[in-house]
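Q: Following this message is one structure expressed as structure tokens.
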Amino acid sequence: MSIADRRRFTRLPFHSSGTISTAAVRIPFALEDISLKGALVRLSPEDTRALEALPEDTGLQFDLELPAAEQDIQATAVIAHRQDLSIGLEFTMIDIDSITMLRRLLELNSGDPDSVDREIRELGQ
1 MSIADRRRFT RLPFHSSGTI STAAVRIPFA LEDISLKGAL VRLSPEDTRA LEALPEDTGL
61 QFDLELPAAE QDIQATAVIA HRQDLSIGLE FTMIDIDSIT MLRRLLELNS GDPDSVDREI
121 RELGQ
């Protein structure tokens with residue numbers, strides 16, 4: 001199955017910063033895009049090498065800073081794919097406050113709140 005076939009969630013280009021971390025390492029990123037199910041982030045060359053040293057199925061803590069919001073978006077994620085300095089992350093767990101913030105971010109910036117509602121329902125299945 002191709003990435004396009006697996007990708008059922010709208011990806012929103014959105015620029016912000018944050019960190020991905022484990023107990024051993026904390027890596028800053030620049031967000032390229034985000035969806036209800038994951039994110040595409042860009043790392044520095046040094047940080048890309050640090051991430052490559054981790055076992056492939058390592059769980060990562062994703063923390064996206066939203067300067068205008070009271071709270072960051074936080075999730076547990078795994079690496080879905082890598083290409084040069086870009087890392088595709090798949091969210092494996094996200095708390096209710098973070099999914100609410102993410103939903104609102106997508107609704108406000110996608111131009112199609114109805115599609116976000118459909119994707120939320122699909123996410124719950």
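Just so you know, the numbering used here puts 61 at position 61 of the sequence shown, and the rest follows in order with no gaps. Even glycine gets a Cβ: it sits at the ideal position worked out from N, Cα and C.
1) Measuring straight from C-alpha to C-alpha, what distance separates residue 11 and residue 99?
2) Would you tell me roughly how many angstroms separate the C-alpha atoms of residue 35 and residue 118, rounded to the nearest one?
3) Going by C-alpha distance, which of 52, 14, 22, 60 is nearest residue 92?
4) Give a single yes or no on whether residue 89 has its beta carbon closer than 8 angstroms to a heavy atom of the ligand ADP.
5) With 16 other CB atoms within 10 Å as the buried threshold, where does residue 39 fall?
A: For this structure:
1) For the purposes of this step, residue 11 is taken as residue 11 along the sequence shown, with counting starting at 1. For the purposes of this step, residue 99 is taken as residue 99 along the sequence shown, with counting starting at 1. So the alpha carbons of these two residues sit roughly 15 angstroms apart.
2) What you label residue 35 is simply residue 35 of the sequence shown in a count that begins at 1. What you label residue 118 is simply residue 118 of the sequence shown in a count that begins at 1. About 13 angstroms.
3) Sequence index remark: in the sequence shown, residue 92 carries index 92 (1-based). Among 52, 14, 22, 60, the Cα nearest to that of residue 92 belongs to 60.
4) The ligand ADP is absent from the structure shown, which contains no ligands of any kind.
5) As a working note, residue 39 is residue 39 in the sequence shown. Result: buried.
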